Amino acid sequence: MRGMIKKNRAIDNVLLVAALLAALSACSGGRTAAETIITNAKVYTVNPARPWAEAVAIREGRILAVGAAKDVLRHKASQSRVIDAGGRLLLPGFEDSHVHFVSGSANLGMIDLAGTKTVEEIQGRIRAFVQENPGSAWVQGRGWMYPAFPGHMPHKKFLDEVVPDRPACMRCADGHSSWVNSRALALAGIGRDTKDPENGKIVRDGKGEPTGALLESASSLVSALIPEPTPEETLADIRRGLRETARLGVVRVHGLGGEFEALDLLDRIRREGGLTTRFTVTMWVDSPGPADKDWKAYEDARTKFHDEWLAVDGIKMMLDGVIDSGTGAMLDPYESERENRGKLFWEPEAFKKAVAEINAKGLQVSTHSIGDAAIRLTLDAYEEGLRAAGNPDLRNKIEHAEDIAAEDIPRFGRLGVIGSFQPLHANPEPGWIGAWIKNVGPEREQRAFAWKAVLDGGGRLAFGSDWPVVTVSPWPGLQVAVTRQDLEGLPAGGWLPQHKVSLSEAVHAYTMGGAYAMHREKDEGSIEAGKLADLILVSQNIFEVDPHKIAETKVLLTIVGGKVVHDAR
Ligand SMILES: [Zn+2]
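Sequential numbering from 576 applies to the sequence shown in my numbering.
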């Protein structure tokens, strides 16, 4: 007994000495010691009270101090690591408010058709992949856009020419359509007698023969036949995706489809210490709204995952298609097809009821709404949902909001609805946006991607990519947001330049705007003492360079939670 007491005392003394030593080493001249100090930087803080600084000190994953170098360096102790930024720009890490992380990651291993402008170019990339991968049972790719093809729609014959022997499926960049070859059509049993599925369309030629273009839900007639990746394959994909986001300076993503099903894999990577991007994950709900089993799945996931790395938060819904293929829900008919207004994917009353039920639980809704009719119904539902919930701070989001009716623009500000936009989707390159412009016609074109109007109306912006629709890199998006020009600088003066935002507004939408949209603004989104140390050091000062060069920005250093996760210095 005595011996035991003595021994305990000895342990107490050891602990006391250790605590004293820790306290001493944590102080330097009476100041808390930093683990890392980044100095000689141009720090753009995104804190309006103090937008610029020279140095940042980090301790235990958070920002200890930010300010003038001489003040911050007072936190330097013998063990502090000091990073000389060489006068370069330091920004808060970027937050992407709309991704599909798992499919984005998987796509990194498929044929990349992004940016292709002609059938020849598309066939060239497919041919090269097929030659390098002779064994794959399916040939898969992604990233084509409608204007690359005659009549703005792909045809199976172009795919048969390069992949005659195996089924092939190429997803459109927008994720809403597929282009398949004859082998894939035969395998799926799609012929002239096959009926269109609900919310989908099998495009046919004048003789009723399927052409190989499958719109909306018709894509799943073929995609359902493609073997699912194994969990090990998905893990490998996600790890590749994490390297990509770290490399590009993205420190948090809002997962709006596919991540909920991958939570356990993300958690496995986290437990192994490999999670380098933070995740806010929504649960996807289709018409007619969440059932009891969905709520059970949500509550279980939320109970498990609710911290600063991996948090389940909110519900994703989808109300219409896309304007480019004529499936976005419009108030008036399409200019190019006078009998078509697109279609809502939900009955309006069922949609409103679902929003009210979700909001009443205090949960945020993110709805994909692109056409002006879908946007209006979403705003109506959010207005009623807020009233029912009695909570004005739900931060409901509208995803894409590509063509908002003029009278609905001020409702974003009034209802506290977040405009979740992807600036690169407004890239005015004709091969990308041509079909969009043709379909809405000249009058509705004027209100295309009206970021600035939403902002001026008191609305908040959150920028992102919708990866894999476009690259998860925020840098070309940032350039388009401030220029409204394609990456070659066209058209001169910008496409509808009244919708440009300033660079500080755009950076805000990629940082604080995202943090706010994901309920993380107290902890993230700006460089302020006490916030998480999520920082990026970049190759050029985007506030000084020609705005047409912003897309060339390289991320030299990505720090998440005080840890370097990418270093290209
Ligand atoms: Zn999406």
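Idealized CB from N, CA, C, for every residue including glycine. Predicted model only: the values in this text are computed from it and were never measured.
Residue i, buried or exposed, once every other Cβ within 10 Å from all chains shown has been counted against 16
i, result
"PRO1072", "exposed"
"ASN708", "exposed"
"GLY718", "buried"
"ASP1031", "exposed"
"LYS581", "Its pLDDT being 42, under 50, LYS581 is placed unreliably by the model, and nothing is read from it."
"TRP1011", "buried"
"ASN915", "exposed"
"THR611", "buried"
"TRP1042", "buried"
"LYS1129", "exposed"
"GLN1054", "buried"
"GLY1039", "buried"
"ASN1014", "buried"
"TRP921", "buried"
"ASP947", "buried"
"TRP627", "exposed"
"LYS1097", "exposed"
"THR878", "exposed"
"ASN682", "buried"
"ASN1116", "exposed"
"ASP978", "buried"
"HIS881", "exposed"
"THR693", "exposed"
Unbroken beta strand (DSSP E) run spanning residue i, endpoints
i, result
"TYR619", "617-619"
"ARG637", "637-642"
"ARG970", "ARG970 -> no beta strand (DSSP E), and no H or E assigned at all."
"TRP1026", "Element bounds for TRP1026: not the beta strand (DSSP E) but the alpha helix (DSSP H), 1026-1031."
"GLU791", "785-791"
"GLY775", "775-779"
"ALA630", "630-634"
Residue i, enclosing alpha helix (DSSP H) - first and last residue
i, result
"ALA1092", "1087-1092"
"ARG702", "694-707"
"PRO623", "Segment: none, PRO623 is in no alpha helix (DSSP H) and carries neither H nor E."
"ALA931", "923-935"
"GLN1060", "Taken as a continuous stretch (DSSP letters only), GLN1060 belongs to no alpha helix (DSSP H), as it is neither H nor E."
"ILE813", "806-823"
"LYS770", "Unbroken run through LYS770: none, as it is neither H nor E."
"SER757", "757-762"
"GLY679", "676-682"
"SER941", "Segment 940-944 is the beta strand (DSSP E) holding SER941; no alpha helix (DSSP H) there."
"ALA1010", "1005-1020"
"THR878", "867-879"
Candidates the options, of which the one nearest residue i by Cα
i, options, result
"TYR1091", "ASP968, GLY1009 and PRO985", "ASP968"
"LYS770", "LEU796, SER757 and ALA759", "LEU796"
"THR786", "HIS730, THR805 and LEU919", "HIS730"
"ASP869", "LEU817, ILE933 and ARG814", "ILE933"
"ALA872", "THR902, PHE835 and ILE898", "PHE835"
"ASP646", "GLU635, PRO626 and ILE613", "ILE613"
"LEU1036", "VAL1044, TRP1026 and ASP749", "TRP1026"
"LEU952", "PHE987, LYS936 and GLY937", "PHE987"
"ILE1125", "GLU1103, PRO1049, GLY1016 and GLY1136", "PRO1049"
"HIS675", "LEU762, GLU784 and LYS891", "LYS891"
"ALA811", "HIS829, LEU790, LEU831 and GLY849", "GLY849"
"ALA763", "GLY690, TRP859 and LEU789", "LEU789"
"ALA1001", "THR1058, PRO772 and MET905", "THR1058"
"GLU629", "PRO623, ASN615, LEU639 and VAL621", "ASN615"
"LYS936", "ALA963, ARG815, LEU919 and ILE945", "ALA963"
"GLY1033", "GLY710, VAL992 and GLY1052", "VAL992"
"LEU1107", "PHE854, ASP955, ILE1134 and GLY832", "ILE1134"
"VAL1120", "ILE638, VAL657, SER655 and LEU664", "LEU664"
"ALA609", "HIS1123, ALA1104 and VAL1113", "ALA1104"
"VAL1044", "GLY662, VAL897, LEU938 and LYS928", "VAL897"
"SER711", "THR851, ASP740, GLY1136 and MET720", "ASP740"
"ILE973", "LEU894, PRO722, GLY1016 and PHE724", "LEU894"
"ILE1156", "GLN706, TRP713 and PHE724", "Within the shown structure, residues of the chain are numbered from 576 to 1144, placing residue 1156 beyond reach of any answer."
"GLY1137", "PRO623, GLU635 and LYS617", "GLU635"
Residues bridged to residue i [DSSP beta-bridge criterion]
i, result
"PHE854", "VAL828 and LEU885"
"HIS1141", "THR1133"
"GLN654", "According to DSSP, GLN654 bridges with nothing at all."
"PRO725", "Paired residues: none, contrary to the question."
"PHE1038", "PHE996"
"TRP859", "LYS891"
Rounded distance between the beta-carbons of residue j and residue i, thought under 8 Å
i, j, result
"ALA1056", "PRO998", "4 Å"
"ILE1111", "GLY889", "The Cβ separation is near 26 Å, so there is no contact."
"PRO667", "GLY1064", "Not a contact, Cβ separation roughly 28 Å."
"SER995", "SER672", "5 Å"
"ARG846", "TRP884", "Not really, about 11 Å apart at Cβ, beyond 8 Å."
"ILE950", "ASP907", "Not quite, the Cβ-Cβ distance comes to about 14 Å (not below 8 Å), so this is no contact."
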